[in-house]
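Undergrad: Here the sequence shown is numbered in this note's numbering, starting from 1 and rising by one per residue. Note that beta-carbon positions come from the ideal geometry of N, C-alpha and C, so glycine has one too. Quick one: structure below, then a few questions.
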Amino acid sequence: ALVSKIIAEHEGWISVDSRPGQTAFRISLPKAPGEKGAT
């Protein structure tokens, strides 16, 4: 539940695909905006 909350607060998503003997989690977070003038 904690991970889901953190991802939601950052406007991302999480999905789970589960089969016998195998589970995959996919997590997506938006790309951070670049700072202007940064090198």
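(1) Following the continuous alpha helix (DSSP H) through A24, name the residue where it begins and the one where it ends.
(2) Is the beta carbon of P30 sitting closer than 8 Å to the one on E11?
(3) Under 7 Å Cβ to Cβ from I27, same chain only, skipping five residues before and after it: list those, please.
(4) Between the alpha carbons of L2 and F25, how many angstroms are there, rounded?
(5) Look up S18 in the DSSP assignment and give the residues it is bridged to.
TA: So, from the data block:
(1) The count along the sequence shown starts at 1 and reaches residue 24 at position 24. No alpha helix (DSSP H) contains A24, which is instead part of the beta strand (DSSP E) from Q22 to S28.
(2) By 1-based counting over the sequence shown, the position of residue 30 is 30. By 1-based counting over the sequence shown, the position of residue 11 is 11. Their beta carbons are under 8 Å apart, which means P30 touches E11 by this criterion.
(3) Indexing the sequence shown from 1 puts residue 27 at position 27. For I27, where only same-chain residues beyond five positions count, the Cβ hits under 7 Å are I7, G12 and I14.
(4) Here residue 2 refers to the residue found at position 2 of the sequence shown. Here residue 25 refers to the residue found at position 25 of the sequence shown. So the alpha carbons of these two residues sit roughly 15 Å apart.
(5) On the sequence shown, position 18 is the one that residue 18 refers to. Partner(s): T23.
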